[in-house]
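Below is one structure; the comments refer to it alone.
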Amino acid sequence: MEILQVIWKNRPTDAVFVETYLQGLAFVQEQVKVKLYCTDLTLSGPLEREQEAWLNNHYYSKVHDTIQEDFFVAVVFSEDHFKAIVTNYTATEPAEHSFIHFNYFTDRAEAILWLESEKKGRDAIMFPTISQL
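Using numbering that gives the first Met the number 0, the first residue of the sequence shown is number 0, and each one after it goes up by one.
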């Protein structure tokens, strides 16, 4: 199973951030049509607003253009960051991209398990049962 993981060890500059994701995009375009992604922010802290905007306005659309399918993104936060998000939560408009399915975690192993379960769910084939009367 292919999961493209970005694990930030410290807060990236905008240039490093964009370059890292463009390398990931090149891999998806040239090698494997990855549908499962994990971004770990536990050591770096939250992304800058401009970085989030770049992902939403550029990167995710390019990934979708490449794979032509829905994809799944697990984001891993530190406990404190996650608590701050929950504490400061306000209802927002639905995500601009319906082809991205996000889930949020404080443990990378749990994030990977979720991605694996999504992959298994997509790989399952359902056969209708035929009832005999």
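Think of the CB as a built atom: it goes at the ideal place given N, C-alpha and C, for glycine as much as any other residue.
No experiment lies behind these values; they were computed from the predicted model shown.
Cut-off 6 angstroms between Cβ atoms - residues of its own chain near residue i, not counting five sequence neighbours on either side
| i | result |
| --- | --- |
| ILE98 | Before going further, note that residue 98 is Phe rather than Ile in the sequence given. Answer for PHE98: HIS63 and ASP69, listed in chain order. |
| VAL33 | GLU1, LEU3 and VAL27 |
| TYR58 | TYR20 |
| GLU92 | Note that GLU92 scores 47 on pLDDT, short of 50, meaning its location in the model is unreliable; the coordinates nonetheless yield the value given after this. So the list is empty, once near-sequence residues are dropped. |
| VAL74 | THR38 and TYR103 |
Coarse secondary structure for residue i, derived from DSSP in three states
| i | result |
| --- | --- |
| PRO93 | Reliability fails at PRO93, whose pLDDT of 49 lies under 50, so the model's placement of it is uncertain and the value that follows must be treated cautiously. PRO93 falls in the coil class under three-state DSSP. |
| PHE16 | helix |
For residue i: DSSP bridge partner residues
| i | result |
| --- | --- |
| GLN4 | CYS37 |
| TYR103 | VAL74 |
Neighbourhood of residue i by C-beta distance below 7 angstroms, restricted to the same chain and skipping five residues each side
| i | result |
| --- | --- |
| GLY44 | ARG10 and HIS80 |
Residue j beta carbon less than 7 angstroms from that of residue i
| i | j | result |
| --- | --- | --- |
| LYS8 | LEU54 | no |
| PHE76 | GLU117 | no |
| LEU112 | LEU35 | no |
| THR105 | GLU78 | yes |
| PHE16 | GLN50 | yes |
Residue i Cβ short of 6 angstroms to the ligand ADP heavy atom set
| i | result |
| --- | --- |
| GLU49 | The ligand ADP is not part of the structure shown, which contains no ligands of any sort. |
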